[in-house]
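There are 2 protein chains.
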Amino acid sequence: MQTKFYVVGIGPGAPELMTPQAHAALQEAEVIAGYGTYLKLIKPLFPDKEYLQTGMTGEVKRCQLALEQAQAGKIVAMVSSGDAGIYGMAGLVLQLAEGLPVEVVPVPGITAASSGAALLGAPLMHDFAVISLSDRLTPWDKIEKRLLAAAEADFCVVLYNPRSHGRPDLLNRACQLLGRHKGPETPVGIVKNIGREGEQAIVTTLAELDENLVDMFSTVFIGNSQTYIQQTVAGLKIVTPRGYLEEAAQ
Amino acid sequence: MQTKFYVVGIGPGAPELMTPQAHAALQEAEVIAGYGTYLKLIKPLFPDKEYLQTGMTGEVKRCQLALEQAQAGKIVAMVSSGDAGIYGMAGLVLQLAEGLPVEVVPVPGITAASSGAALLGAPLMHDFAVISLSDRLTPWDKIEKRLLAAAEADFCVVLYNPRSHGRPDLLNRACQLLGRHKGPETPVGIVKNIGREGEQAIVTTLAELDENLVDMFSTVFIGNSQTYIQQTVAGLKIVTPRGYLEEAAQ
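Chains D and S are the protein sequences, given in the same order. Start counting the first sequence at 157; every next residue gets the next number (the numbering used here). Start counting the second sequence at 157; every next residue gets the next number (the numbering used here).
Next comes the structure, spelled out in structure tokens:
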């Protein structure tokens, strides 16, 4: 017998940013698995489910336990914040499900690049690179190479996991690398706790960026050479133009 | 008086991939503006709105007309497919609203990188670059530079606008550039008509990619050096591992 295993991106946390498809998958599931912080956001919406709660690390064990439930015939949903397919659990579940009679169904969610950009204005209107600064699973020299390549080719850059307990200096090092090809006045946006209590959006520049403003729940946006900061009735916003006005003026 | 102007990402088109926040913004709006194809998806859900329909190009004019409605005191929502902040209208609306008593409120949506990745499996579990192949607003040499940089730094790559009427050869040229640093066996995924009639996901490789499979409604995913194709109970899927299994094996 073949059972479904949903890997569900719940978005940044607020129910109004979770898609109806994600809601339906959680509704259909008998067991909901995931990291405690995310389950806390889900439980009030689905109080009658069986929950499989685990710590932040130990991802392999967590997925294996959840897959055992699926093999026992239960419909499982594993939740990731943001999009389960972007630094989430979709890949690991697929890998571990190889050869098992389990259908892995990824359900997309709003990732921090999208939800954070909306709070900041429109920083990602042009080509962009998404880079995680976590060196737990990726050698730092690979991260470094990607930062330099993205900066040199004038990508907008979105940094996930910009700060960790053990390595508080990662963001400063990343900004130094980006600064080799991006000017000090390049707009930088920091968003924290998107769609949750304590939501905050900060607009600054590469030169002025204070890494103490950035925590583990932050996402950092760095503009390209065209990006600018615009005063609006709702405060400072970051805009990366895409060339429509230049085209219209021709 | 200050009025709200929502720039709403409606996701790929299926109502189950539109967030409740996007739904609420459209509900609140008095005027809904956008390209005809997208409005057709929205009208059945909100039959009693005033609609401001325009062609595919002429974006500046379209935004100006919609901003005039906002200045006349009406709550306006302009829709983009996917995420309004990723190759959508959020930036242009902000630019054109400069100095006006209009509060521009971007509402994030599920972009094709997320929705397409979910259909393909988990191709974007590691750092990735999003690049539009449209050279209407961007010089081709800039696009070329970004393709090469992304390939050299071993990013996964997502290509938006991989085909246009006037330039059918863009995708082949892009793949040749990517192929300077990515092997011929690199997995490639093509998704079409996500969440709509005719939805299709194709798994192939850089060497085997047939650009005739790609149309204007497609998004193309190219793996990094670790990406592989996995046989599953639901067919071939693309997986980019993130290193959890290697870490656990240590």
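Quick reminder that beta carbons are idealized off the backbone N, C-alpha and C, glycines included.
Chain-order list of chain S residues neighbouring Arg302 (chain D): Asp283, Ala309 and Phe311, by C-beta distance under 7 Å. No Cβ-Cβ contact shorter than 9 Å links Lys199 (chain D) with Glu186 (chain D).
One thing to note: Met372 (chain S) has its Cβ within 9 Å of the Cβ of Asn317 (chain S). Ser320 (chain S) is not a Cβ neighbour of Ile346 (chain S), given a cutoff of 9 Å.
Below the 9 Å Cβ cutoff, chain S contributes no neighbours of Thr210 (chain D), its closest Cβ being approximately 13 Å away. Its chain contains Ala273, Cys312, Pro343, Gly345, Phe377, Gly379, Thr383, Ile394, Val395 and Thr396 as the residues whose beta carbon lies nearer than 8 Å to that of Pro279 (chain S), once the 5 sequence neighbours on both sides are disregarded; these appear in chain order. A direct Cα-Cα distance of roughly 14 Å separates Leu223 (chain S) from Thr210 (chain S).
The beta carbons of Val163 (chain D) and Val249 (chain D) sit about 5 Å from each other, so the pair counts as a contact at 8 Å. Phe377 (chain S) is bridged by DSSP to S:Val314 and S:Gly345. Linking Glu259 (chain D) to Leu276 (chain S) through their CA atoms gives a straight-line distance of about 13 Å. The segment 238–253 of chain S makes no contact with the segment 294–314 of chain D; the number of CB pairs closer than 8 Å stays below 3.
Rounded to whole angstroms, the separation of the alpha carbons of Leu208 (chain D) and Gly190 (chain D) is 7 Å. The segment 321–332 of chain D and the segment 356–373 of chain D touch, with no fewer than 3 CB-CB distances between them shorter than 8 Å.
DSSP places Tyr400 (chain S) in the helix class (H, G or I) of the three-state scheme. Counting the other CB atoms within 10 Å of its CB gives Gln387 (chain D) a total below 16, which places it among the exposed residues. Between Gly165 (chain D) and Ala180 (chain D), the C-beta gap is not smaller than 9 Å, which leaves the two residues out of contact.
Separation of the CB atoms of Phe202 (chain S) and Gln183 (chain S) is rounded to 7 Å, and the pair is thereby assigned contact status at 8 Å. For Ser237 (chain S), the secondary structure class from DSSP, reduced to helix, strand or coil, is coil. For Gln382 (chain D), there is no enclosing beta strand (DSSP E), as DSSP marks it with neither H nor E. Per the coordinates, the alpha-carbon of Pro171 (chain S) lies some 27 Å from the alpha-carbon of Leu221 (chain S). Within 8 Å of the CB of Pro176 (chain D), the CB atoms of chain S belong to Pro171, Glu172, Leu173, Met174 and Pro176, in sequence order along the chain. At the C-beta level, Lys338 (chain S) and Ser381 (chain S) come within 9 Å of one another. For Val359 (chain S), the enclosing beta strand (DSSP E) begins and ends at Gln356 to Thr361. Inter-residue distance for Thr267 (chain D) and Ala246 (chain D) is about 14 Å (C-alpha atoms, whole angstroms). Of all residues in the segment 266–297 of chain S, the ones placed with a Cβ closer than 7 Å to any Cβ belonging to chain D are Ile266, Thr267, Ser270, Ser271, Ala273, Ala274, Gly277, Ala278, Leu280, Met281, Asp283, Phe284, Ala285, Val286, Ile287, Ser288, Leu293 and Thr294, in chain order.
In the three-state scheme derived from DSSP, where H, G and I count as helix and E and B as strand, Thr193 (chain S) is classed as helix. Residue environment: Arg336 (chain D) is assigned as exposed (fewer than 16 neighbouring CB atoms within 10 Å of its CB, all protein chains considered). Minimum Cα-Cα distance from Gly241 (chain S) among the listed residues S:Gly167, S:Lys301, S:Ala228 and S:Ala285 corresponds to S:Gly167. Identification of residues in the segment 210–242 of chain S having a C-beta nearer than 7 Å to some C-beta of chain D yields Glu215, Val216, Asp239, Gly241 and Ile242, given in sequence order. For the C-beta of Glu259 (chain S), the chain D residues within less than 9 Å are, from N- to C-terminus, Thr388, Val389 and Ala390. Chain D places no beta carbon closer than 9 Å to that of Val344 (chain S), leaving this residue out of the contacts. A straight-line Cα-Cα distance of about 16 Å links Leu315 (chain D) and Ser237 (chain D). Here the alpha carbons of Ala269 (chain D) and Val359 (chain D) stand approximately 15 Å from one another. Excluding the 5 residues flanking it on each side, Phe284 (chain S) has same chain C-beta neighbours closer than 7 Å at Phe311, Cys312, Val313 and Val314, in chain order. Proximity to Ala357 (chain D) across D:Val286, D:Leu392, D:Cys219 and D:Gly244 peaks at D:Leu392, based on C-alpha coordinates.
Scanning its chain for C-beta atoms nearer than 7 Å, with the 5 sequence neighbours on each side dropped, one finds around Tyr243 (chain S) the residues Ser288 and Tyr316, in chain order.
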